[in-house]
Amino acid sequence: MPWCPKCNAEYQEGYTECSDCGVTLVDNLEEEVELVPFFQAADKKVAEKLVSYFKYSNLPSEVSYDEENEVYVVSIAQRMEKHAKKLYQAFYYVERENLAKSLFQDQNQQETDSQTEEDNLDETATKPDEAGTEASEEEAAEDYDNQEEETEDEGAASGSYIFKADRYRDLAGTVLIFLLFGIVGLAFVLLNVIGILSFLNGWLPNTVMGALFISFLYVAISTNQKAKNIRTEIAAENKLTDEINAWLKVNITKAFLASIHNDSVSEELNYIKMTDTIKELLVGQFGKQNLSYLDRLVEEYYNNNF
4 MPWCPKCNAE
14 YQEGYTECSD
24 CGVTLVDNLE
34 EEVELVPFFQ
44 AADKKVAEKL
54 VSYFKYSNLP
64 SEVSYDEENE
74 VYVVSIAQRM
84 EKHAKKLYQA
94 FYYVERENLA
104 KSLFQDQNQQ
114 ETDSQTEEDN
124 LDETATKPDE
134 AGTEASEEEA
144 AEDYDNQEEE
154 TEDEGAASGS
164 YIFKADRYRD
174 LAGTVLIFLL
184 FGIVGLAFVL
194 LNVIGILSFL
204 NGWLPNTVMG
214 ALFISFLYVA
224 ISTNQKAKNI
234 RTEIAAENKL
244 TDEINAWLKV
254 NITKAFLASI
264 HNDSVSEELN
274 YIKMTDTIKE
284 LLVGQFGKQN
294 LSYLDRLVEE
304 YYNNNF
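Just so we're aligned, residue 4 is where the sequence shown starts under the working numbering, counting upward by one.
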């Protein structure tokens with residue numbers, strides 16, 4: 004099969020030129036691709052996983068081992084470096100979320116194992132007070148629920164944090180749509196019940212459709228409550244965003260970025276190190292925040308200024 008060496012599109016036999024790029028097709032794409040180093044990793048599995056992701060996205064790539072620096076190097080097609088950076092950013096967010104989940108599960112497993120050992124010891128010792136045991140179990144369950152909720156809040160927005168003002172507008176639009184459909188639908192059912200319309204005949208279809216449109220109203224009401232809760236948080240988030248951006252403008256300068264830049268690693272690794280360093284500084288300055296929220300602020304500030 005012929006391939007386009009520029010956009011990597013595959014064509015049926017008989018085609019000689021790419022309809023999108025206007026370049027001559029080649030028989031073997033790999034022979035025409037010049038690969039350049041793009042990413043370094045100490046873990047071979049990470050490098051191989053990234054290469055698999057690139058190839059799945061039709062981006063030519065390969066992994067090799069640099070014996071001098073003892074790292075695995077992922078090389079890509081030079082002309083597709085910009086596209087590779089976008090793919091890598093998505094890959095990074097997913098891998099970071101998977102790592103966070105893995106650490107969370109390991110921590111829970113360790114706590115479970117530790118609790119099991121304590122229970123075994125307790126069985127051979129004096130029986131504890133039942134009221135105290137029940138209280139401890141309730142506290143442990145409450146702590147677990149709180150930790151699980153925090154994990155969900157951070158994971159749900161990972162890689163694409165949505166500001167509360169934007170979330171409020173989305174929810175308000177959802178409320179309007181479901182409210183409109185619910186009211187119009189119930190009016191439609193009512194007109195069929197009293198005989199003005201005859202699209203629905205019998206109690207069963209009217210009951211089913213009535214329940215459906217009532218559920219629309221329920222969604223509208225519950226979503227409206229969520230929108231109200233978020234609306235009360237918009238001003239605080241906007242104020243915090245302004246304060247963080249002002250802090251970034253004063254402290255994150257070219258001189259600061261140069262001080263943490265490492266010439267021996269790739270630009271991608273330097274970017275990850277830079278974002279992680281800045282987020283740590285922000286947490287130290289403003290307290291614990293949603294990491295995806297900080298990711299977006301740092302990324303926007305960096306793109307707008309550097």
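C-beta atoms are modelled at their ideal positions from N, C-alpha and C, and glycine is treated no differently. A quick note: this is a predicted structure, and the numbers were derived from the prediction, not measured.
From residue i to residue j, what distance separates their C-alpha atoms?
i      : j      : result
Glu151 : Cys21  : The pLDDT assigned to Glu151 is 39, lower than 50, so where the model puts this residue is not dependable; a value taken from the coordinates is nonetheless given after this. The alpha-carbon atoms of Glu151 and Cys21 are separated by roughly 51 Å.
Asp266 : Ala44  : 15 Å
Leu53  : Val77  : 8 Å
Tyr305 : Leu90  : 19 Å
Ser295 : Tyr221 : 31 Å
Leu194 : Leu182 : 18 Å
Val178 : Asn293 : 26 Å
Gly158 : Ile255 : Bear in mind that a pLDDT of 41 at Gly158, under 50, signals an unreliable position, so the number given afterwards is only what the model happens to contain. Approximately 27 Å, taken between the alpha carbons.
Leu215 : Tyr171 : 25 Å
Glu84  : Val74  : 20 Å
Thr210 : Asn227 : 26 Å
Ser201 : Val192 : 10 Å
Lys9   : Gly25  : 9 Å
Tyr246 : Pro63  : Note that residue 246 corresponds to Glu in the displayed sequence, not to Tyr. So the alpha carbons of these two residues sit roughly 43 Å apart.
Ser225 : Leu203 : 29 Å
Phe219 : Gly205 : 22 Å
Val253 : Lys48  : 39 Å
Ile237 : Lys231 : 10 Å
Glu13  : Ser55  : 19 Å
Val286 : Asp279 : 11 Å
Leu272 : Gln92  : 11 Å
Met277 : Glu70  : 26 Å
Asp23  : Gly176 : 38 Å
Val268 : Ala258 : 19 Å
Asn61  : Glu302 : 26 Å
Quick check on DSSP: helix, strand or coil for residue i?
i      : result
Thr27  : strand
Ser22  : coil
Pro5   : coil
Ser64  : strand
Leu200 : coil
Tyr75  : strand
Asp46  : coil
Val268 : coil
Phe289 : helix
Phe191 : helix
Ala80  : strand
Glu37  : coil
Met13  : Correcting the residue identity first, residue 13 is Glu in this sequence and not Met. Three-state DSSP puts Glu13 in a strand.
Leu294 : helix
Glu151 : With a pLDDT of only 39 at Glu151, under 50, the local geometry of the prediction cannot be trusted, and no value is derived from it.
Label residue i either buried or exposed according to how many other C-beta atoms from any shown protein chain fall within 10 Å of its C-beta, with 16 as the threshold for buried.
i      : result
Lys58  : exposed
Thr66  : The identity of residue 66 in the sequence shown is Val, whereas the question assumes Thr. Classification for Val66: buried.
Asp298 : buried
Ala138 : Its pLDDT being 43, under 50, Ala138 is placed unreliably in this model, and the value from its coordinates should be taken loosely. With fewer than 16 Cβ atoms within 10 Å of its Cβ, Ala138 is classed as exposed.
Tyr68  : exposed
Leu207 : exposed
Phe42  : buried
Leu300 : buried
Ala80  : buried
Ala50  : buried
Ile281 : buried
Gly213 : buried
Ile263 : exposed
Roughly how far, in whole angstroms, is the beta-carbon of residue i from the beta-carbon of residue j, given that I think they are within contact range, below 8 Å?
i      : j      : result
Leu251 : Phe309 : About 11 Å separates the two Cβ atoms, so there is no contact after all.
Trp6   : Leu28  : 6 Å
Leu174 : Lys229 : 6 Å
Ala223 : Gly198 : About 28 Å separates the two Cβ atoms, so there is no contact after all.
Tyr95  : Ile275 : 7 Å
Does the beta-carbon of residue i, which I'm using as the reference point, lie nearer than 7 Å to any heavy atom of the ligand SAM?
i     : result
Lys47 : As for the ligand SAM, it is missing from this structure, which has no ligand bound.
(message) Could you check whether the stretch 164-172 touches the stretch 224-241, counting it as contact only if at least three pairs of C-beta atoms, one from each stretch, sit closer than 8 Å?
(response) yes
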